[in-house]
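This is the structure in structure tokens:
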């Protein structure tokens, strides 16, 4: 059986890592015996013409896509197009949005055959052998599908107890050289589960309240392999990496024991860190911790069931400074009961922490408490267009803070950040910056160019090499440099520097065929796997 797993488009400005959920899904299908390909449209251009070419070449029996709320509609449209191209293909969607919007998705998209709810690996293992036997679907927990004009929901599947039984994420199916060109961290998980009750979060609904841990040795096996592939930075994407102090120490000790030198970051909570834990993490290479503080108003923290105090936030910020750890705090705007006073209090508190901080707008995703119990909160939903649920614009308002006021509050913060950024840009031209500031400017300019190169498949479109230039790397690159300069309007010196760096790092290679030669993104190297173990459930 052939399975195509779609990684749907996602804004590069949002710093996407190689899609971890997609890779776990692909690995589950591979373990179940399927031949799998990932159609990655995160770091490459999407078009129906391109999808058709991929579908015609692979001829999958199943095409599936994951999505979050923000890119659900785009993902669903790609699945719809795949079904139009190859009607006999079984169309499947999974992920956090559709897990809690399954019946609506099936109603809106008749091309969609199946929804996989929640944690999908066990469901995939059961579904793959009986994909063509629709009568057997009713016996598989974790599915929603149509039957005789009605939606059948087979109920929730028990969570996988032994995460060490999962296959390594199938990153070997990704265009890894493109992600390395993008330069963002690669994500891993060391655990699944979130014990907290924040009303705006899907964590505990998707992966359970009980935290399930992976063996630290297997976690570090994965880190070690990612380093060997050339990734220089890792993001630990656990909902709460610091949920267990002893477990944090075990992972960090294993990194140190093997002498792995890699920078990494993690998500934490202000009530789960102490000086000893932060020092252990820092010694193992962690240099940044992100805290979701959400509000500087104590009553708001209680209302959203955050379970933290402002004193704990202050202490966490001070401990990060003491241990030479970069701290980042995230705050939300438009929470239930938000007032001008609560916003002012939050800004005052955020400034007082003296760390990096930013704002996001509340987006009530399907499956969250705030979405399901909306009538209980002082909130008015302004749109049901989920493509706008990117947390970068207001999609709700409160009785005291209309959307315009919320937007103005965040814009004022962004204007202050932009003023500081303009100072750094001016300093670059005047020669008054620090070396670190100059690196920021150069990195930002390079990143915008890389976005364009990936977004529009410029290497594929303009990478042809003239026969006379095959033995002259500098000359061979010139037509591509000229084309990218023309398409982006970027300085040719910058374009040449970026493309030459890709060649130097081995991300762009020369591909030869009977018709000539061209530059192409490097194919992925062989990817090691863990020893396979059977999945177990019911922790």
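Residue numbers (the numbering used here): 408 to 946. A virtual CB, placed ideally from N, CA and C, is assigned to each residue, including glycine.
Leaving out five residues before and five after residue i in sequence, what residues of the same chain have Cβ atoms less than 6 Å from its Cβ?
i	result
residue 616	602
residue 934	Confidence in residue 934 is poor, its pLDDT being 38 and thus under 50, which makes the residue's placement unreliable; the coordinate value appears in the next sentence. Cβ within range, chain order: 579.
residue 492	459 and 462
residue 502	473 and 474
residue 788	803
residue 930	none
residue 507	773 and 774
residue 435	528 and 531
residue 859	895
Looking at the secondary structure, which residues open and close the beta strand (DSSP E) in which residue i lies?
i	result
residue 767	763 to 768
residue 522	521 to 523
residue 647	Note, residue 647: premise wrong, no beta strand (DSSP E); not H, not E.
residue 739	733 to 740
residue 485	Per DSSP, residue 485 belongs to no beta strand (DSSP E); it is in the alpha helix (DSSP H), 479 to 492.
residue 473	469 to 473
residue 917	915 to 920
residue 911	Here residue 911 belongs to no beta strand (DSSP E); instead the alpha helix (DSSP H) covers 899 to 911.
residue 800	No beta strand (DSSP E) holds residue 800; DSSP gives it neither H nor E.
residue 865	No beta strand (DSSP E) holds residue 865; the alpha helix (DSSP H) holding it covers 865 to 869.
residue 428	Not the beta strand (DSSP E): residue 428 falls in the alpha helix (DSSP H), residues 427 to 438.
residue 409	409 to 414
residue 927	923 to 928
residue 499	497 to 501
In terms of residues, what are the limits of the alpha helix (DSSP H) holding residue i?
i	result
residue 836	810 to 837
residue 529	528 to 534
residue 465	455 to 465
residue 860	842 to 862
residue 628	623 to 635
residue 447	Looking at the DSSP string, residue 447 is not in any alpha helix (DSSP H); the run it does join, the beta strand (DSSP E), is 442 to 447.
residue 662	652 to 664
residue 758	747 to 760
residue 422	No alpha helix (DSSP H) holds residue 422; DSSP gives it neither H nor E.
residue 779	776 to 779
residue 884	880 to 895
residue 515	509 to 515
I'd like the list of long-range same chain contacts for residue i, defined as Cβ closer than 8 Å, with 5 residues on each side in sequence excluded.
i	result
residue 844	831, 834 and 835
residue 627	658, 661, 662, 665 and 667
residue 448	413, 414, 415, 416 and 485
residue 918	924, 925, 926 and 927
Tell me which same chain residues have a C-beta within less than 7 Å of the C-beta of residue i, skipping the five on either side of it?
i	result
residue 784	743 and 777
residue 426	414 and 449
residue 899	888 and 892
residue 753	702, 703, 704 and 738
residue 610	601 and 646
Would the C-beta of residue i count as close to the ligand GTP, meaning under 7 Å from any of its heavy atoms?
i	result
residue 746	Absence of the ligand GTP from the depicted structure is noted, as is the absence of any ligand whatsoever, leaving it without description.
I think residue i touches residue j, with their Cβ atoms under 8 Å apart; what is that distance to the nearest whole Å?
i	j	result
residue 901	residue 846	With 8 Å as the limit, residue 901 and residue 846 do not qualify as a contact, their Cβ atoms being about 15 Å apart.
residue 489	residue 496	6 Å
residue 510	residue 558	5 Å
residue 656	residue 687	5 Å
residue 604	residue 712	4 Å
residue 786	residue 805	6 Å
residue 520	residue 498	5 Å
residue 748	residue 703	With 8 Å as the limit, residue 748 and residue 703 do not qualify as a contact, their Cβ atoms being about 11 Å apart.
residue 865	residue 894	6 Å
residue 477	residue 794	7 Å
residue 769	residue 727	About 26 Å; that fails the 8 Å criterion.
residue 515	residue 468	The pair is not a contact, with the Cβ atoms about 24 Å apart (cut-off 8 Å).
residue 886	residue 863	No, residue 886 and residue 863 are not in contact; Cβ-Cβ is about 16 Å, not under 8 Å.
residue 483	residue 512	7 Å
Mind the definition here: the region 530 to 549 touches the region 608 to 623 only if three or more C-beta pairs lie below 8 Å; say whether that holds.
-> As far as the Cβ criterion goes, the region 530 to 549 does not touch the region 608 to 623, which means the pair count is below three.
Kindly provide the ranges of any alpha helix (DSSP H) runs that are 4 or more residues long and lie completely inside the region 673 to 721, ordered along the chain.
-> Counting whole runs of 4 or more residues, the region 673 to 721 contains the alpha helix (DSSP H) stretches 682 to 690 and 705 to 710.
Starting from the N-terminal side, write out each stretch of the beta strand (DSSP E) that is 3 residues or longer and does not extend beyond the region 539 to 613.
-> The region 539 to 613 contains these whole beta strand (DSSP E) runs: 550 to 554, 557 to 560 and 593 to 595.
Inspect the CB distances between the region 753 to 765 and the region 732 to 744 and report whether three or more fall short of 8 Å.
-> Taking 8 Å as the limit for Cβ pairs, the verdict is that the region 732 to 744 does touch the region 753 to 765.
Cβ contact check for the region 443 to 455 and the region 535 to 542: 3 or more pairs under 8 Å | Segments in contact, no.
Counting pairs of beta carbons, one from the region 719 to 734 and one from the region 748 to 763, are three or more of them closer than 8 Å?
-> Short answer: they touch.
Is the region 799 to 809 touching the region 634 to 645, taking contact as three or more C-beta pairs under 8 Å?
-> The region 799 to 809 vs the region 634 to 645: no contact.
For the region 584 to 592 and the region 541 to 559, state whether three or more C-beta atom pairs, one from each stretch, are separated by less than 8 Å.
-> With the cut-off at 8 Å, the region 584 to 592 and the region 541 to 559 do not touch.
Okay, do the region 639 to 652 and the region 680 to 691 touch, 3+ Cβ pairs below 8 Å being the bar?
-> The region 639 to 652 vs the region 680 to 691: in contact.
If you pair each beta-carbon of the region 517 to 524 with each one of the region 549 to 569, do three or more pairs fall below 8 Å?
-> Yes, they touch.
Is the region 560 to 567 touching the region 591 to 598, taking contact as three or more C-beta pairs under 8 Å?
-> Here the region 560 to 567 makes no contact with the region 591 to 598; the two share fewer than three CB pairs at distances below 8 Å.
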